[in-house]
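Numbering-wise (numbering that gives the first Met the number 0), the sequence shown opens with residue 0 and increments by one.
All C-beta atoms in this analysis are idealised placements derived from N, C-alpha and C, irrespective of residue type, glycine included.
Keep in mind it's a predicted model, so treat the numbers as computed, not measured.
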Amino acid sequence: MVLSGGGVRGAYEAGVLMAFQDAEIPTPIIAATSVESINAASYAAEAEGLVGRAEPLVNTWLELTPATLGIDWSRYIFLLTGLVAASAGIGNFLWRWTKERGGFLHAHHSKLTWLALAAGATILLLPTSSLISATWR
(Lines of atoms letter the chains of each structure in order from A; the text may use other names.)
(Lines give C-alpha, C1' and ligand atoms only; values in the text may rest on other atoms or scores of the structure.)
Protein backbone atom coordinates (compact mmCIF):
# COMPACT_ATOMS: atom_id res chain seq x y z
CA MET A 0 0.00 0.00 0.00
CA VAL A 1 1.26 3.51 -0.85
CA LEU A 2 0.04 6.53 1.13
CA SER A 3 0.71 10.03 -0.16
CA GLY A 4 1.43 13.02 2.05
CA GLY A 5 -0.67 16.02 2.99
CA GLY A 6 -2.40 17.07 6.23
CA VAL A 7 -6.02 16.83 5.13
CA ARG A 8 -5.27 13.73 3.13
CA GLY A 9 -3.86 12.21 6.31
CA ALA A 10 -7.21 12.46 8.06
CA TYR A 11 -8.98 11.07 5.01
CA GLU A 12 -6.58 8.17 4.60
CA ALA A 13 -6.97 7.26 8.28
CA GLY A 14 -10.56 6.45 7.36
CA VAL A 15 -9.34 4.47 4.36
CA LEU A 16 -7.06 2.47 6.65
CA MET A 17 -10.09 1.79 8.86
CA ALA A 18 -11.91 0.42 5.79
CA PHE A 19 -8.90 -1.78 4.99
CA GLN A 20 -8.99 -3.09 8.55
CA ASP A 21 -12.73 -3.79 8.39
CA ALA A 22 -12.28 -5.62 5.07
CA GLU A 23 -9.32 -7.52 6.59
CA ILE A 24 -7.08 -6.65 3.65
CA PRO A 25 -3.50 -7.75 4.37
CA THR A 26 -0.91 -5.00 4.02
CA PRO A 27 2.54 -6.58 4.18
CA ILE A 28 4.27 -3.46 2.80
CA ILE A 29 3.31 0.17 3.43
CA ALA A 30 5.14 3.11 1.86
CA ALA A 31 4.29 6.66 2.91
CA THR A 32 5.47 10.27 3.01
CA SER A 33 4.84 13.22 5.33
CA VAL A 34 1.98 12.79 7.80
CA GLU A 35 1.08 9.51 6.16
CA SER A 36 4.30 8.06 7.58
CA ILE A 37 2.83 8.62 11.04
CA ASN A 38 -0.45 7.04 9.93
CA ALA A 39 1.35 4.06 8.42
CA ALA A 40 3.50 3.56 11.51
CA SER A 41 0.48 3.66 13.80
CA TYR A 42 -1.49 1.31 11.54
CA ALA A 43 1.37 -1.19 11.34
CA ALA A 44 2.31 -0.96 15.04
CA GLU A 45 -1.21 -1.97 16.08
CA ALA A 46 -1.37 -4.77 13.49
CA GLU A 47 -2.49 -8.28 14.27
CA GLY A 48 -0.63 -10.30 11.69
CA LEU A 49 -0.76 -8.70 8.24
CA VAL A 50 -3.97 -6.77 8.94
CA GLY A 51 -3.40 -3.42 10.63
CA ARG A 52 -5.57 -1.75 13.26
CA ALA A 53 -6.76 1.78 12.59
CA GLU A 54 -8.99 2.51 15.62
CA PRO A 55 -6.26 4.28 17.66
CA LEU A 56 -5.22 6.26 14.59
CA VAL A 57 -8.77 7.37 13.76
CA ASN A 58 -9.39 8.28 17.41
CA THR A 59 -6.25 10.43 17.38
CA TRP A 60 -7.44 12.28 14.28
CA LEU A 61 -10.87 12.80 15.87
CA GLU A 62 -9.24 14.42 18.91
CA LEU A 63 -7.66 17.17 16.81
CA THR A 64 -9.50 20.46 17.30
CA PRO A 65 -8.41 24.08 16.88
CA ALA A 66 -7.94 24.27 20.66
CA THR A 67 -5.64 21.23 20.77
CA LEU A 68 -3.63 22.62 17.85
CA GLY A 69 -3.22 25.96 19.59
CA ILE A 70 -5.21 28.02 17.08
CA ASP A 71 -6.80 31.04 18.73
CA TRP A 72 -9.23 32.59 16.25
CA SER A 73 -9.91 35.58 18.50
CA ARG A 74 -6.42 36.86 17.65
CA TYR A 75 -7.36 37.12 13.98
CA ILE A 76 -10.67 38.80 14.80
CA PHE A 77 -8.81 41.46 16.82
CA LEU A 78 -6.32 41.89 13.98
CA LEU A 79 -9.08 42.42 11.41
CA THR A 80 -10.90 44.84 13.71
CA GLY A 81 -7.68 46.79 14.18
CA LEU A 82 -7.12 46.84 10.42
CA VAL A 83 -10.58 48.30 9.82
CA ALA A 84 -10.14 50.88 12.61
CA ALA A 85 -6.66 51.93 11.45
CA SER A 86 -7.79 52.14 7.82
CA ALA A 87 -10.83 54.24 8.72
CA GLY A 88 -8.67 56.54 10.84
CA ILE A 89 -6.14 57.05 8.05
CA GLY A 90 -8.92 57.61 5.51
CA ASN A 91 -10.51 60.24 7.75
CA PHE A 92 -7.13 61.87 8.32
CA LEU A 93 -6.46 62.13 4.58
CA TRP A 94 -9.96 63.46 3.93
CA ARG A 95 -9.65 66.17 6.62
CA TRP A 96 -6.06 67.04 5.64
CA THR A 97 -7.02 67.66 2.02
CA LYS A 98 -10.15 69.59 3.09
CA GLU A 99 -8.08 71.94 5.31
CA ARG A 100 -5.83 72.71 2.35
CA GLY A 101 -8.73 73.56 0.07
CA GLY A 102 -8.88 70.25 -1.73
CA PHE A 103 -11.62 67.73 -1.97
CA LEU A 104 -11.14 64.03 -1.57
CA HIS A 105 -14.11 61.93 -2.58
CA ALA A 106 -14.60 59.27 0.10
CA HIS A 107 -15.94 56.73 -2.38
CA HIS A 108 -12.84 56.74 -4.55
CA SER A 109 -11.31 53.25 -4.67
CA LYS A 110 -7.73 54.54 -4.55
CA LEU A 111 -8.41 56.15 -1.17
CA THR A 112 -9.83 52.90 0.13
CA TRP A 113 -6.80 50.89 -1.01
CA LEU A 114 -4.40 53.52 0.30
CA ALA A 115 -6.11 53.52 3.69
CA LEU A 116 -6.13 49.72 3.84
CA ALA A 117 -2.45 49.53 2.92
CA ALA A 118 -1.53 52.15 5.51
CA GLY A 119 -3.65 50.42 8.16
CA ALA A 120 -2.07 47.06 7.39
CA THR A 121 1.39 48.61 7.56
CA ILE A 122 0.68 50.17 10.94
CA LEU A 123 -0.67 46.89 12.31
CA LEU A 124 1.93 44.56 10.86
CA LEU A 125 5.17 46.52 11.33
CA PRO A 126 5.22 46.16 15.13
CA THR A 127 4.33 42.47 14.73
CA SER A 128 7.11 41.82 12.22
CA SER A 129 9.70 43.57 14.41
CA LEU A 130 8.52 41.51 17.38
CA ILE A 131 8.81 38.32 15.36
CA SER A 132 12.29 39.20 14.09
CA ALA A 133 13.40 40.06 17.65
CA THR A 134 12.10 36.68 18.83
CA TRP A 135 14.14 34.79 16.22
CA ARG A 136 17.43 36.46 17.15
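In this structure, Leu63 lies away from Ala18, with their beta-carbon atoms at least 9 Å apart.
Val1 is bridged by DSSP to Ala30. Taking C-alpha positions only, Ile29 is separated from Leu116 by approximately 50 Å.
Burial state of Tyr42 is buried, judged by a 10 Å Cβ sphere holding 16 or more other Cβ atoms. Distances from the alpha-carbon of Thr32 to those of Gly14, Gly4, Ala22, Asn91 put Gly4 closest. Taking 9 Å as the cut-off, the beta carbon of Leu82 is found no closer than this to the beta carbon of Leu114.
Exclusion of the five residues before and after Val57 leaves Ala13, Met17 as the residues of its chain whose Cβ lies within less than 6 Å of its Cβ. The beta carbon of Ser109 sits closer than 7 Å to no other beta carbon from its chain once the five residues preceding and following it are set aside. The beta carbon of Leu2 sits closer than 6 Å to the beta carbons of Glu12, Ala31, Glu35, Ala39 from its chain, once the five residues preceding and following it are set aside; these are given in chain order.
About 6 Å separates the beta carbon of Pro25 from that of Val50, a gap short enough to meet the 8 Å contact definition. Under a 10 Å Cβ-count criterion, Ser86 is classified as buried, with 16 or more other Cβ atoms of the shown protein chains found around its own Cβ. Pairing Gln20 with Ala44 gives a Cβ-Cβ distance that is not under 9 Å. For Glu47, the secondary structure class from DSSP, reduced to helix, strand or coil, is strand. C-alpha of Arg74 to C-alpha of Met0: approximately 41 Å in a straight line.
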